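Residue numbers (my numbering), protein chains in the order written: chain F, 557 to 1028; chain L, 16 to 337.
Quick reminder that beta carbons are idealized off the backbone N, C-alpha and C, glycines included.
Predicted model only: the values in this text are computed from it and were never measured.
Working notes for the structure below.
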Amino acid sequence: MVDSTVRLREISRRSALGALGLGILGATAASWPRLTGTDIPGRNDGSLSIAILGTAADAAARQKAVDAFRRLHPEIKVRVQGIQAVDWKDFFSKILTMVAAGNPPDVVYVATEGAQLFAEKLAHPLDEYLRRDAAAMQEYFADVHPSLVEAFMYRGSLYQLPMDWNAANMYYNTKVFAAAGLGRPADDWTQQDFRAALAALRKANPGGFTPYYWTNRLFGGVVPWLYANGTSFLTEQRASGGDWLWDRFYAKDPSRSARSGGYLWEAPNAADPKVFETFDFLRGLVQDGLGVRPEEGGGNSLVGLFASGRIGTTPAGGYWVQGLHSAGMGASDFDVQFFPRWATQRHQFGTAGYAIMKTAKDKDAAWEWIKFSASREAMELVFSTPTTTPARRSMVNEALYAGKGPAHWKVFYDTLDRFPTTGPIPAPPQQAAVETALIKNVSLAVSGDERQLKSALATLQQDLELALRRAA
Amino acid sequence: MSTAVAPDASAQPVTDNRRRRPAAPAGTAPAASRGSRWLAWIFLAPTILGMGLFTLLPIVASIALAFFRWDIISAPQFAGVANFVDVAGDPTVRIAFGNTIGFVAVAVVLQLGVALGLALLVQERLPNWLRVFFRSAFFFPLILSAASVSIFMKYLFNEQFGVVNWLLGTVGIPAVPWLTTPVGSASVVILVYVWQNFGFSFLLFLGALSSIPQETYEAAALDGATGWRKHVHVTLPLISPTTLVASVMAIINALQVFDQPYVLTRGGPGDSTRTAVMVIFETAFQRLEFGKASAIGVVLMLLIMAVTALQFRLSKRFVFYQ
């Protein structure tokens, strides 16, 4: 009796355990598509895979453009994938991880920061497609400033078509300016005029207020000041080539002769006395309480602080308008002006566009997507609000800024027309290492005495040498 | 009395079916034993697979990769010990390792000190229901994402607009550049790290303290040990095994610190808060030097192993097992 009870108990236990094991195996088998990601719509079904920086919601926001594209090309399935990242550098790291995992997207939306990294390592040139579809593309290039296009030239080949862009202009809070007795700055205001304006703002707002807020990054940090002073922290040269594009699409442009095969940033330039002079100017702003010590990777709270009147001025591009509007600023509560003049009034800009990956399964389909995305129809679907500045001049119009401001929205595109030497973010293929070298030394350079500034610039020069020496 | 609860084999009745089975021939296992072994492997398989795939394989692959140059895009090229030579000559790596060791020295002492102090306070001074509350409250930061906490803290410690400087301002203290000076940023990184991590050590210490018999303290009191002497001569020796475990875990975790300095300061200003794991991340995913990043990882692994071995060696002198 006892014996049979024990046997029954053992069989029952083993059966239960066996059933449990089988259950786990069954569940694993049933969820295999989920575990391996093969159930994701568009994966492994021949869809054109497009990666953009953003959330799933950002990807979904492009659905109208995708639908319009599918009406034109029903044979091409499209899957837009939003990849969340802190900044472009982080986004590119994630794309590289996808490449390493053997699952690269076919098309990637790449900003200036990564343009040369992609051109050098990952992207397929658009030259053959542009030559083939030159007639169809004529209208696009007629509407886009050549400076934006040149930013995507690399050693004579074009790798992307600019879709949107932003220059580092100077935003100011009009109410705060008025309270300090300041009017709109002149178009050609100098760095000393700028400093005087900050001093007036500080005098009118002694505490809890920052006259000039700036961030420590490649765009909008120290670089616009370096450009304005006719220098940069890297040497800037131009590659030969690219005539095939300039002669075909910009033959009559006044700046045709100045166009090249793309920018080259191949050596450090932090030892240039003008770089010291520029940093010293910023150090003076920090010391006198006119500007903040810039935090590394900062700027997250900037819109709210600016909208609440706690910041007087800050450099930003057209991408800021919608954010300020959403934060409650009226069209006349803020305005934008060109960056101050120093030795020059050269501005800094960044642009973005789609790049075809070398590994793309169907490059022709990828080109059709890029060509469609460059059309006015697609751009109006994607850039319906001023969250950025469209690359097409004709779209930067009264309607885009109606009811939102700024009053002088023309400053955005005029930056390119008025200052034709305006250049892109200096981003060689080693951009991530270069950016790290720059931002890690900026805070120290502007936070201490002159000796600390010299030491920080010497370190910057060494760090840049190391960053540029490394293979990209 | 059930046979299942017999305290030892000799007490089991002869009706036990396991006893009555004939012995298996030499070299073969009985069917039931073979079945049990099968079952054991099935149950061990997920752990073995998980450890093999996600721990052992990456370690081996990482060590192997340290001898190659690889940028993720092109095929890896054998480089011998070039990556290790590169690591030895890289000033940023040296600074990052120095920062990491300094961070560990300060953060771990603070973490264990705060955890032990609060555990003593909660154990001795608070009623049981409040103990339960504080157990959860102090552990809570640990379950939060380190990145989210760091983003939040970044706002709090902002020089111009942060709540911390606002509070200091209310008592006449001028704004402190928390995140833009080397001393300030290192202090904030340590503070945020300790705040988020002391809860685990606190729980360990609380458990150890509650297991000390009250009679031991009574005997110590009779011998004249009260106040601090009681803790120094009774409490600390009795919880020393827990202190060893807590310190080993705290040091291993602190040597791998990444989230807090990455989000709060990005390693700056300068290299003042750059840590070893940050350099690994930057070398691999920003500079695309995966071989060199692996070499730094191997050096860090050896450092962790050496520190842990040293701790266990020292524990023979300082740890008291009852």
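Bridge partners - residue i, DSSP secondary structure assignment
i, result
"N722/F", "G906/F"
"R897/F", "T746/F"
"I912/F", "V663/F and H680/F"
"A872/F", "N725/F"
"T83/L", "For the sequence presented, residue 83/L should be read as Phe rather than Thr. In DSSP, F83/L forms a bridge with F93/L."
"P942/F", "In the DSSP output, where bridge partners are listed per residue, P942/F has none listed."
"I78/L", "Paired residue(s): none; I78/L is not in a bridge."
"A607/F", "Q637/F and V664/F"
"M709/F", "L714/F"
"Q793/F", "L820/F"
"I867/F", "T766/F"
Separation of residue j from residue i, as counted between CA atoms
i, j, result
"K573/F", "G579/F", "Just to set this straight, residue 573/F is Leu in the shown sequence, not Lys. Going from the Cα of L573/F to the Cα of G579/F covers about 10 Å."
"I867/F", "F895/F", "17 Å"
"K914/F", "Q637/F", "18 Å"
"L253/L", "F335/L", "7 Å"
"F148/L", "Q126/L", "20 Å"
"V278/L", "T231/L", "47 Å"
"P985/F", "F333/L", "54 Å"
"L846/F", "R758/F", "7 Å"
"A899/F", "L1020/F", "25 Å"
"A103/L", "S309/L", "13 Å"
"L157/L", "A122/L", "15 Å"
"Y769/F", "A911/F", "33 Å"
"S605/F", "K919/F", "11 Å"
"S330/L", "T257/L", "11 Å"
"Y665/F", "L317/L", "41 Å"
"A840/F", "H629/F", "It should be noted that the sequence gives Gly, not Ala, for residue 840/F. Distance between the alpha carbons of G840/F and H629/F: 58 Å."
"I981/F", "F905/F", "6 Å"
"S571/F", "G593/F", "33 Å"
"R52/L", "L59/L", "10 Å"
"K677/F", "A90/L", "13 Å"
"V705/F", "L714/F", "8 Å"
"I78/L", "I87/L", "16 Å"
"L141/L", "I74/L", "46 Å"
Three-state secondary structure assigned by DSSP to residue i
i, result
"G847/F", "strand"
"H680/F", "strand"
"P976/F", "coil"
"F890/F", "strand"
"G577/F", "helix"
"Y819/F", "strand"
"S262/L", "helix"
"R635/F", "strand"
"T766/F", "strand"
"N268/L", "helix"
"S1011/F", "helix"
"P702/F", "helix"
"Y277/L", "helix"
"R590/F", "helix"
"R773/F", "coil"
"P106/L", "helix"
"A753/F", "helix"
"P824/F", "strand"
"I717/F", "Here residue 717/F is Leu; the residue named in the question, Ile, does not match the sequence. Looking at L717/F - three-state DSSP - the assignment turns out to be coil, as it is neither helix nor strand."
"R1025/F", "helix"
"Y957/F", "helix"
"R302/L", "coil"
"F333/L", "helix"
"R948/F", "strand"
Residue i Cβ short of 7 Å to the ligand NAP heavy atom set
i, result
"M913/F", "With respect to the ligand NAP, the structure offers nothing, as it holds no ligand at all."
Chain F residues whose Cβ lies nearer than 7 Å to that of residue i
i, result
"D286/L", "K996"
"I87/L", "L652, V655 and A656"
"Q275/L", "Neighbours of Q275/L on chain F: none; closest Cβ ~13 Å, over 7 Å."
"L282/L", "The amino acid at residue 282/L is misidentified as Leu; the sequence shows Gly. The answer, in chain order, is K996."
Closer than 8 Å at the beta carbon, the chain L residues around residue i
i, result
"K645/F", "Q301"
"V1030/F", "Since the first and last residues shown for chain F are 557 and 1028, residue 1030/F lies out of range."
Neighbouring residues, chain L, relative to residue i (Cβ below 7 Å)
i, result
"G868/F", "Those do not exist, as G868/F stays about 12 Å from chain L at its closest Cβ, beyond 7 Å."
"Q577/F", "The sequence shown places Gly at residue 577/F, rather than the Gln named in the question. The contacting residues are I57."
Chain F residues whose Cβ lies nearer than 9 Å to that of residue i
i, result
"E230/L", "Within 9 Å Cβ-Cβ: nothing; E230/L doesn't reach chain F, min ~43 Å."
Secondary structure, alpha helix (DSSP H): runs of 4+ residues fully inside the stretch 146 to 213 of chain L: 161 to 171 and 178 to 185
4-residue-minimum alpha helix (DSSP H) runs that sit fully inside the stretch 637 to 682 of chain F, ordered along the chain: 644 to 656 and 668 to 673
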